[in-house]
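Participant:
Residue numbers (the numbering used here): -8 to 328.
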């Protein structure tokens, strides 16, 4: 931990300052997306091992005291938490940029509360615009409800990003259709490279790279119509825009072109464990420490200091492709997006 003026910072040994916390609220989901969890599901943490609403808010206060000014709620599906209203209300009072990642199925039940609390930023998971493919990918129904709730949020002027995980031979033929959503909708479509996690049958051949995305879109729209937008601070998505379209699109290339050099993200799992990198299988149990009255701030500091320069030490495609190096990492649903 260092201090800059009166502001405390979580700075790692490579000089990266971590001010963005992603809190997973739940390991359960109402979908079963193949890239996120195995078909048979995962062993869930007992309820007593999960953070309560009060503990979520206390962790948030601790991290804010360490310089965090951006919090995103994830899951599983965070809107499945019965106490989501309590959590949102508490977090909305803190000096943070608050957002949420959701599959959207339950959003119509919560949209009024989001508006009341002033929470406008929503990452909306949508991997296909075809109903039969939606059922194949998610192993569930609900396609039309998903689209209806997307329209609802758009009509109410939420700041929307669409998250699309690309898998070769599954949905990579929808790149153009998804980008065409940005013609009339002021949204940002983000294409995410398929990443390796426990139980999702990852291999390199299933991945659609940043280059392949741009090549396919360039062939359709014309490369001269695709403008590169300036990168945001601590960016994850390299952003582009089709000339004349209201929205834009981005590519999150964690595998082929990682953005680790400017990473500012920390993850807190639903059972209260800190992960300093999405790819890391190393975790520190903050919840047990908090319940035992231990100094949680020191554990957070230690975790950040131990962060590797690139993808938890997997700094080559060969290492990333070695199952022994990532097989102990959790399924994505248990980490939080």
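Just so it is clear, CB atoms sit at the ideal spot from N, CA and C, and this is done for glycine as well.
1) According to the neighbour-count rule (16 or more other Cβ atoms, all chains shown, within 10 Å of its Cβ), is residue 289 buried or exposed?
2) Classify residue 271 as helix, strand or coil using the three-state DSSP reduction.
3) With DSSP as the reference, please indicate the residues paired to residue 63 in a beta bridge.
4) Which partner residues does residue 159 have in the DSSP bridge list?
5) So does the region -2 to 9 actually touch the region 131 to 138, counting three or more Cβ pairs closer than 8 Å?
6) Under the three-state reduction of DSSP, which class applies to residue 181: helix, strand or coil?
7) Residues in its own chain within less than 6 Å of residue 191 by CB, not counting five upstream and five downstream?
8) Considering only their Cβ atoms, is the gap separating residue 94 from residue 137 smaller than 9 Å?
9) So, are the CB atoms of residue 110 and residue 79 less than 9 Å apart?
10) Taking the alpha helix (DSSP H) that residue 284 falls in, what are its first and last residues?
11) To test your reading of the DSSP string, which unbroken beta strand (DSSP E) runs of 3 or more residues are found completely within the region 214 to 258?
12) Quick one: grab the DSSP three-state call for residue 150.
13) Give the DSSP bridge partners of residue 115, in chain order.
14) DSSP state of residue 191, grouped into three classes?
15) Please identify the residue among 113, 256 and 278 whose C-alpha is closest to the C-alpha of residue 145.
16) By the 10 Å Cβ neighbour count, where 16 or more other Cβ atoms means buried, how is residue 196 classified, buried or exposed?
17) Taking the continuous alpha helix (DSSP H) assigned at residue 107, which residues delimit it?
18) Can you give me the Cβ contacts of residue 340 inside the same chain, cut-off strictly under 6 Å, excluding the 5 residues immediately before and after it?
19) Could you check what DSSP says for residue 264 in three-state terms: helix, strand or coil?
20) Tell me, please, which residues DSSP counts as bridged to residue 276.
21) Taking one C-beta from the region 11 to 21 and one from the region 58 to 78 each time, how about it: are there three or more such pairs within less than 8 Å?
22) So what's residue 301 in DSSP terms, helix, strand or just coil?
23) Can you pull the DSSP bridge partners for residue 8?
24) Can you tell me where the alpha helix (DSSP H) with residue 171 in it begins and where it stops?
25) Count the CB pairs spanning the region 272 to 288 and the region 210 to 230 that are closer than 8 Å, and state whether there are at least three.
26) Near residue 62, what residues of its chain come up, given a Cβ to Cβ distance below 7 Å and the 5 sequence neighbours on each side ignored?
27) Is the beta carbon of residue 198 less than 9 Å from the beta carbon of residue 182?
28) Give the secondary structure of residue 293 by DSSP, where H, G and I count as helix, E and B as strand, and everything else as coil.
29) Suppose the cutoff is 8 Å on Cβ atoms and the five residues either side in sequence are ignored; what does the same chain contact list for residue -4 look like?
30) Could you tell me which of 245, 36, 10 and 6 sits nearest to residue 260, measuring between CA atoms?
31) Let's see if you can read the secondary structure: which residues bound the alpha helix (DSSP H) around residue 18?
32) Taking buried to mean at least 16 other C-beta atoms within 10 Å of its own C-beta, is residue 264 buried or exposed?
33) Taking one C-beta from the region 230 to 240 and one from the region 278 to 286 each time, how about it: are there three or more such pairs within less than 8 Å?
34) Buried or exposed for residue 244, please, with buried defined as at least 16 other CB atoms from any protein chain shown within 10 angstroms of its CB.
Facilitator: Walking through what the data contain:
1) Using a 10 angstroms sphere on the CB of residue 289, the tally of other CB atoms stays under 16, which defines it as exposed.
2) Note: residue 271 maps to coil in three-state DSSP.
3) For residue 63, the beta-bridge partners assigned by DSSP are 13 and 90.
4) DSSP, once it has assigned bridges, lists no residue as partnering residue 159.
5) Touching, no, given that fewer than three Cβ pairs across the two stretches are closer than 8 Å.
6) Here residue 181 sits in strand by DSSP.
7) Reliability of the predicted coordinates at residue 191 is poor, the pLDDT of 46 falling under 50, and the value obtained from them is presented with this limitation in mind. Excluding positions up to five away in sequence, the list reads 26.
8) Yes. Within cutoff.
9) Cβ distance < 9 Å, so residue 110 and residue 79 count as in contact.
10) Per DSSP, residue 284 belongs to no alpha helix (DSSP H) and is neither H nor E.
11) With a minimum length of 3 residues, the continuous beta strand (DSSP E) runs that stay inside the region 214 to 258 are 217 to 219, 229 to 233 and 239 to 243.
12) Correct three-state label for residue 150: strand.
13) Answer is 93 and 153, bridged to residue 115.
14) Residue placement at residue 191 cannot be trusted, given a pLDDT of 46 that sits under 50; what the coordinates show is reported in the next sentence. Three-state DSSP puts residue 191 in coil, outside helix and strand.
15) It is 113.
16) Exposed, since its Cβ has fewer than 16 Cβ neighbours within 10 Å.
17) Residue 107 -> alpha helix (DSSP H) spans 98 to 108.
18) Residue 340 lies beyond the residue range present for the chain, which begins at -8 and ends at 328; the question has no answer from this structure.
19) When secondary structure is reduced to three states using DSSP, residue 264 falls in the strand class.
20) In DSSP, residue 276 forms a bridge with 264.
21) Three or more Cβ pairs drawn from the region 11 to 21 and the region 58 to 78 lie within less than 8 Å of each other, which places the two stretches in contact.
22) In the structure shown, residue 301 sits in coil (DSSP, three-state: anything other than H, G, I, E or B).
23) Beta-bridge pairing links residue 8 to 2.
24) 166 to 175 is the span of the alpha helix (DSSP H), which, as asked, contains residue 171.
25) No contact exists between the region 272 to 288 and the region 210 to 230.
26) Excluding sequence neighbours, residue 62 sits near 12, 14, 51, 82, 87 and 89.
27) Not closer than 9 Å, so no.
28) In the three-state DSSP reduction, residue 293 falls in the helix class (H, G or I).
29) Only weak support exists for where residue -4 lies, its pLDDT of 40 falling under 50; the value from the coordinates is given anyway. Within the same chain, residue -4 has no close Cβ partners at all.
30) Nearest to residue 260 by alpha-carbon distance, out of 245, 36, 10 and 6, is 36.
31) Counted as a single uninterrupted DSSP element, the stretch harbouring residue 18 is not any alpha helix (DSSP H), since DSSP gives it neither H nor E.
32) Buried is the call here.
33) Between the region 230 to 240 and the region 278 to 286 there are fewer than three C-beta pairs closer than 8 Å, too few to call the two in contact.
34) Buried is the label assigned to residue 244, since at least 16 other Cβ atoms lie within 10 Å of its Cβ.
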